[in-house]
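Position 624 of the sequence shown, counted from 1, bears residue number 624 in UniProt numbering, the numbering being contiguous throughout. Glycine is no exception: its CB is placed at the ideal position from the N, C-alpha and C atoms. Nothing here was measured: the structure is a model prediction, and the numbers come from that model. Below is one structure, written out as structure tokens; the observations come after it.
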Amino acid sequence: MNQQINKDRTTAEANQQLAADPRGSAVVEANAGSGKTHVLINRVTRILLDGAAPEQILCVTFTKAAASEMLNRLFGVLGRFSILPDAELGAELTKLDPHAPTDQKGLAKARRLFARALETPGGLKIRTIHGFCETLLRQFPVEAGISPGFRVLSETESHKLAQKLIAEISLQAVKQPDGELAAAFRLLGQSGSGQAGQVFQTAIYKAGALAADLLPTDGLQTSIEAAAAHLGVKTRDTETSICAASWAVLDKNLLQDITNAMSKGAATNQKKAAQLAELKQQSDPVVRFTALTKVFLKADFDRLKKLFSAGAAKTMPDWQQQIEPVFVQIENTLQQLWAVEALAMTKAALSLCEAFVRRYVQAKKHAGLLDFEDLIGFSKKLLTSQLSAAWVLYKMDGNLRHVLVDEAQDNSANQWAIIGALTAEFFAGAGAQQQTRTLFAVGDPKQSIYRFQGADPALFALEKHKMQTIGQTSDVPVYAPQLSLSWRSTPQVLQFVDACFATLDQRETKFVGDPKSFDKADSDPGFSSYMEHQAERANAAGSVTLLPPIAYHSAEPDTDPSRPVNAVSSTAPVSLLARNVAAMVKDMLARGTQIGERQQMRPVQAGDILILVRSRKDLFREIIRYLKQENLPVAGADRMTLQDETAVLDLLSLAKLALQPSDDLSLAELLKGPFLHPEKLAEPVITEQVLYDLARHRDKNETLISALMHSKTEELLEAKSWVNELIQRAGYENPYRFFSGLLYRRSKTGEAMIRRLFARLGPEAADPVQEFLALALAFTQEGDGTLLSFVAEMELREDTIKREMEDAGNQVRVMTVHGAKGLEAPVVILPDTNAKASGRTASGLVKHANCWFWAGTGQQVCLPIVTWRSGQELLDLQEHRRLLYVALTRARDHLLICGHERGDGKKDDMGFPADSWYRRCETAFKDLLKREQAEAQEVDGQICYRLGTAIQSDTGHEQSASEQLEPLPNWVLQKLSAEAEEPRAATPSSLNVSDSQKVAVASPIGPDAGARFLRGNLIHALLEALPDIDPEQREQAAKQFLQRQPQLDPANAEEIAKVTLNVLAHPEFADLFGPESRAELPIVGEVQMAGETVRVRGKIDRLLVRENEVLVLDFKTNRPPPKTVAMVPQTYLDQMASYQSLLQRIWPDKTIRCALLWTEGPDLMELPLLSGFNSA
């Protein structure tokens, strides 16, 4: 046994060394856990030792996290080289490369590598493909035809821009109801209300491909013609023309014979005969064909098998053969009709897509923006275009000698094209002989699970074949070692993986399902060169357990009123499964389940457990819910869309109400929401009846907020008080303080509002609330700081929060299999096993065979669409199997598989689809059981399978799961000092306003109110805009602006222009409006007023900084202007004094001069030095 282990390890290390050889290119196929990253790090190290400069190496990997890990590991290796003693360093170098020099010169060279890597300008190039493309485009923006200062759109920004453009297109369709866009909306709407939205989703995610096809001249028409050719019809074909042509070629004599025969049959046949006789009189081809199909076909368009009664059959004994041409003609016509329908939908969808991508491309171009798809697209064009490729590659040639590609199975065709263009010269002509230049690609086709992003394992196989051909036909060394030895998993886990994915002809067991169905995906290129796994941890103890499924049953309605309304029933199978998983985790932690680590055993901790699901749906949420209910440390969701979370929707409704109290819906949501439901009460205080009575007893046209404020109902008293407070706070608090303040505010019953939220929605609401507050804080720091802007922004955004779960600490991780790619855990639980193979297969508008067409969602589709769907189903099945491979190989020591039966009417005898993961695992266990390599035992009448020894526990381990948590730090137990009271917030014009100091305001309903208000606003607007215009053109610009005001007569317009221009030319303050001045400057700070600290937030209309002084100007509109400074309202003096105080802190050595511009005059009034405030 040990001899075989040593042989496997020796072979694996030899293959790793061959893969890391920097003097030859290599395409490496590697099993999960076989050390792909280790080999890549070794190869980079050996390239550096071989003399290549750090800047001549490019490493491309799939994610930023992987790139960061790779860089850290490489620096770790090089850093150790710099500090190891000579003997140890020599041993390390020999182990890395048996031919590496270990004399003093060689050791000194190795020690310098760390410093060389650190000092390389821009650092080592270990990047994602998108990161590399961004760097490339910044180096060659002109050649790529993009803005040199381009910015990469974030997903949130891209979504926001897309929604804006969709709104524009929709508005145009409304304004032009007879236009092409409106027609497209109507046609798509006939197939379902969500079809147009689905088309726009396709336009967003396939914008690059759609733009390439639709935006060139006649691109839309060319695409429509290509779709017609693929579907087998002509663009001019219509439903009417198809039906008319079909009737023209139909054998009328045969039809008459059928009519005669049916007329002699039973009553049903006679009725059909009458229908056939009427066809000759029908002039509408479509109606005629519809009637014909009803005679011969069923409602689902299948053939009627008992078409002739006995009487009719006597007249036409061979009727089955004789009427076959009619059946064929009808079916062919149906195919054409369905194709014409698909073509019409294709044209409508492409019309909307063309309108979207045209706007999208223009918007990005005008703003200098690129999205992630653009980075790949422009880079590919740059490197493959005849106009730019030679120049770009020439400029890059001196800085690129070695390209390394990690996770190569996840590359799309465009990404491979970029890599191919970068490395083509490595293997061509003199370039292949002058100096060593290599391409290294490592991947595992079995782990290709990103088809929705364009990944295809067949591409990896194709590139491998290309490289092997180069090696066979040239002097360029190319290696293709295979890494099959797993350094991660126990033998039991790997044996089970092989049992699941061995080819069908290696099996001897009787399958539970249909064997053909079980391995229908044997053509999967991901498994075309399957390598059985060897275990480096050959003596480690591990296990694989398949637990009996939870039987399907109909869920009972929940009686627990505290259970979230959006949760599945607690009696549903999915909920019972989640509860069992949580109980399983709790039991493992409590019993001290043993896992191996560095040749020793230790009790499992929460961070050792990884629970994998296929999607973030009910099971995902229920597992997190029950883990938290068991007080188990759980890392929460690895990804969430904030705007879809109920807790976030509650918070946003509350903010909408505070900003717009007349919003009845938001108030109703608040009254029935969690914030007014005391934590300890099972039933809410504000019942449906209370809300109904409040709304019903309102006066006509009275808002709900008014009814609430006048209500004396006891149940609404807390709501009245709290709503009033929220409305007041919304006027001056920033988003973060508003939301954090309301969440941690003490309620009437003593608990914080956030506890009420968690009591209603469950502890899992903590994650979205935390992320929401983080977003509010970021907006407060970076945005304009107003609650209104934040709520408006949130309405347009779609924030997808992603978490790196590798550093989740000592917490149970619940993740999707896609999210767990690249991770591992000692214990993996796989509960989501009952789904059939169904990937992200598109419906609606799709691209296949280089053309776009409408694939639809129904069953009545033409043959090309049926063929396409069959191909997609096969691809789904293949990726379904690869996804299971990824899930199983995340386990290091123990793998537990469970599930619940389905009840959708499509189950087999065990309640699982034939191609489900549970079926595949069960069939593998039956195979192992027959070979006496696994065991089975009966549990409550069902079979539990196990491979390996049962999970061992530490019998002396008495700790509970909660006791395994890290001890609390001492500061947690210390009494907190009272929090300092926040300073009062105020606008500069409301610092110290009493009734006696209120500003006198001219009556808004006086005889000249409209003119006065309009005049003041126009002067204000001109004073803001004209300073940025050349002085010689100001008068003309002012007159043009005023001429566009329909309420203004020419005399008033001339007077306003004159006085405004006089102000701008004022000798004392003319430079306040000059090029060195600044307009609309926000100012925030704290001032001391009568012993009180006040936080001021305002906006300075005009500011100018001179050598010895700062001039501040504030415009005053819609007020009667005072004659002297003594008559200026104290409010305005306080405002300017606060500006003066805050600005004095910024410029302590300058004099701050303040002035007011009364636009109703207009009069310019300088104020004396003000007092009464000190900056805090």
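Contact the stretch 652-667 vs the stretch 785-799: 3+ CB pairs below 8 Å: Flag = yes, the stretch 652-667 and the stretch 785-799 touch.
Beta-carbon proximity list for G131, same chain, < 8 Å, skipping 5 on both sides: As a position in the sequence shown, residue 131 is number 131, starting the count at 1. Within the same chain, G131 has close Cβ partners K64, A67.
Residue burial classification, Y692 (beta-carbon count within 10 angstroms, cutoff 16): Here the question's residue 692 lines up with position 692 in the sequence shown. Counting other Cβ atoms within 10 Å of its Cβ, Y692 stays below 16 and is therefore classed as exposed.
Spatially closest choice to Q643 from H900, D587, P633, P768, by CA coordinates: Along the sequence shown, one-based indexing puts residue 643 at 643. The candidate whose alpha carbon is nearest that of Q643 is P768.
Integer Cβ distance of A541 from G948, believed to fall under 8 Å: Within the sequence shown, residue 541 is the residue found at index 541, counting from 1. Within the sequence shown, residue 948 is the residue found at index 948, counting from 1. About 7 Å separates the CB atoms of A541 and G948; that is less than 8 Å, so the two are in contact.
Span separating the alpha-carbon of L1072 from that of L1113: Numbered from its first residue, the sequence shown carries residue 1072 at position 1072. Numbered from its first residue, the sequence shown carries residue 1113 at position 1113. Between L1072 and L1113, the C-alpha separation is close to 8 Å.
Residue interval of the beta strand (DSSP E) (run including F440): As a first step, residue 440 must be located in the sequence shown, where it is residue number 440. Element bounds for F440: 438-443.
Alpha-carbon spacing of A1002 relative to S1141, whole angstroms: Your numbering for residue 1002 matches position 1002 in the sequence shown. Your numbering for residue 1141 matches position 1141 in the sequence shown. With a pLDDT of 44 at A1002, under the threshold of 50, the modelled position of this residue cannot be trusted, and the question is left open.
C-beta contact flag for L187 and A344 at 8 Å: Residue mapping note: residue 187 aligns to position 187 of the sequence shown, counting from 1. Residue mapping note: residue 344 aligns to position 344 of the sequence shown, counting from 1. Using a Cβ distance threshold of 8 Å, L187 and A344 count as a contacting pair.
C-alpha gap between F1041 and E1035, whole angstroms: Reading the sequence shown from its first residue, position 1041 is the one you call residue 1041. Reading the sequence shown from its first residue, position 1035 is the one you call residue 1035. Answer to the nearest angstrom: the Cα atoms are 10 Å apart.
A26 - containing beta strand (DSSP E), residue span: Counting from 1 along the sequence shown, the entry for residue 26 is found at position 26. Under the DSSP assignment, A26 falls in the beta strand (DSSP E) whose first and last residues are 25-30.
Status (buried if at least 16 other CB within 10 Å, exposed otherwise) for P674: As a position in the sequence shown, residue 674 is number 674, starting the count at 1. P674 is buried by the Cβ-count criterion.
C-alpha gap between Q195 and P525, whole angstroms: Indexing the sequence shown from 1 puts residue 195 at position 195. Indexing the sequence shown from 1 puts residue 525 at position 525. Approximately 34 Å between the Cα atoms of the pair.
Neighbourhood of V361 by C-beta, 7 Å cutoff - its chain only, sequence neighbours within 5 removed: Sequence index remark: in the sequence shown, residue 361 carries index 361 (1-based). Around V361: A211, L215.
Residue range of the unbroken alpha helix (DSSP H) whose run includes F1115: Working through the sequence shown from its first residue, we reach residue 1115 at position 1115. Segment 1109-1116 is the beta strand (DSSP E) holding F1115; no alpha helix (DSSP H) there.
Other residues of its chain near K36: CB distance less than 6 Å, five sequence neighbours each side excluded: Residue 36 sits at position 36 when you count from the first residue of the sequence shown. The residues are A30, V442.
E1166 - DSSP class collapsed to helix/strand/coil: Position 1166 of the sequence shown, counted from the start, is the residue given in the question as residue 1166. Strand.
Enclosing beta strand (DSSP E) for H848 [first to last residue]: Counting from one through the sequence shown, the residue named residue 848 turns up at place 848. DSSP places H848 in the uninterrupted beta strand (DSSP E) bounded by 845-848.
Backbone secondary structure at I1146 - three-state DSSP: For the purposes of this step, residue 1146 is taken as residue 1146 along the sequence shown, with counting starting at 1. Of the three classes helix, strand and coil, the one that applies to I1146 here is helix, per DSSP.
Cutoff 8 Å; reference H1048; Cβ partners in own chain excluding five residues on either side: Sequence index remark: in the sequence shown, residue 1048 carries index 1048 (1-based). Per the sequence shown, residue 1048 should be read as Leu rather than His. Leaving aside the five residues that flank L1048 on each side, the residues in its chain whose CB is nearer than 8 Å to its CB run, in chain order, L1014, L1018, L1042, I1056.
Within 8 Å, strictly: CB atoms of S379 and I419: Sequence index remark: in the sequence shown, residue 379 carries index 379 (1-based). Sequence index remark: in the sequence shown, residue 419 carries index 419 (1-based). Going by C-beta atoms, S379 is not nearer than 8 Å to I419.
DSSP-derived helix/strand/coil call for W487: For the purposes of this step, residue 487 is taken as the residue at position 487 of the sequence shown. Reduced to three states, the DSSP call for W487 is coil.
Contact under 8 Å by Cβ, E355 with I224: Position 355 of the sequence shown, counted from the first residue, corresponds to residue 355. Position 224 of the sequence shown, counted from the first residue, corresponds to residue 224. The sequence given here has Ala at residue 355, not Glu. By the CB criterion at 8 Å, A355 and I224 fall outside the cutoff.
Residue nearest to K305 in terms of C-alpha spacing, selected from I323, K314, F289, I1083: In the sequence shown, counting from the first residue as 1, residue 305 sits at position 305. In terms of CA proximity to K305, I323 leads the group I323, K314, F289, I1083.
Cβ neighbour criterion (16 or more within 10 Å) applied to W391: In the sequence shown, the residue the question calls residue 391 occupies position 391. With fewer than 16 other beta carbons inside 10 angstroms of its own, W391 counts as exposed.
Contact the stretch 885-899 vs the stretch 476-493: 3+ CB pairs below 8 Å: A contact exists between the stretch 885-899 and the stretch 476-493.
R920 versus C500: straight-line alpha-carbon distance, rounded: Counting from one through the sequence shown, the residue named residue 920 turns up at place 920. Counting from one through the sequence shown, the residue named residue 500 turns up at place 500. When rounded, the separation of the alpha-carbon atoms in R920 and C500 is 6 Å.
Same chain, Cβ closer than 7 Å to M396, neighbours up to 5 away in sequence not counted: In the sequence shown, counting from the first residue as 1, residue 396 sits at position 396. Counting only Cβ-Cβ distances below 7 Å, and skipping sequence neighbours, we find nothing.
C898, DSSP secondary structure in three states: On the sequence shown, position 898 is the one that residue 898 refers to. It is coil, neither helix nor strand.
Beta-carbon proximity of T333 to S246, cut-off 8 Å: Within the sequence shown, residue 333 is the residue found at index 333, counting from 1. Within the sequence shown, residue 246 is the residue found at index 246, counting from 1. Contact: yes.
Where E683 falls: helix, strand or coil (DSSP): Here the question's residue 683 lines up with position 683 in the sequence shown. Residue state, collapsed to three classes: coil.
Those residues which DSSP pairs with H553 across a bridge: Within the sequence shown, the letter at position 553 stands for residue 553. For H553, which the question treats as bridged, DSSP gives no partner whatsoever.
Where the alpha helix (DSSP H) containing I83 begins and where it ends: For this step, residue 83 is matched to residue 83 along the sequence shown. Element bounds for I83: 64-83.
Endpoints, the alpha helix (DSSP H) within which M709 is located: Against the sequence shown, residue 709 aligns to sequence position 709. It spans 704-710 - the alpha helix (DSSP H) in which M709 sits, taken as one unbroken run.
I1100, DSSP secondary structure in three states: Taking the first residue of the sequence shown as 1, we reach residue 1100 at position 1100. In the structure shown, I1100 falls within a strand segment according to DSSP collapsed to helix, strand and coil.
Cutoff 8 Å; reference L84; Cβ partners in own chain excluding five residues on either side: The residue you call residue 84 lines up with position 84 of the sequence shown. Excluding its 5 nearest sequence neighbours in each direction, L84 has C-beta neighbours in its own chain below 8 Å: E92, listed in chain order.
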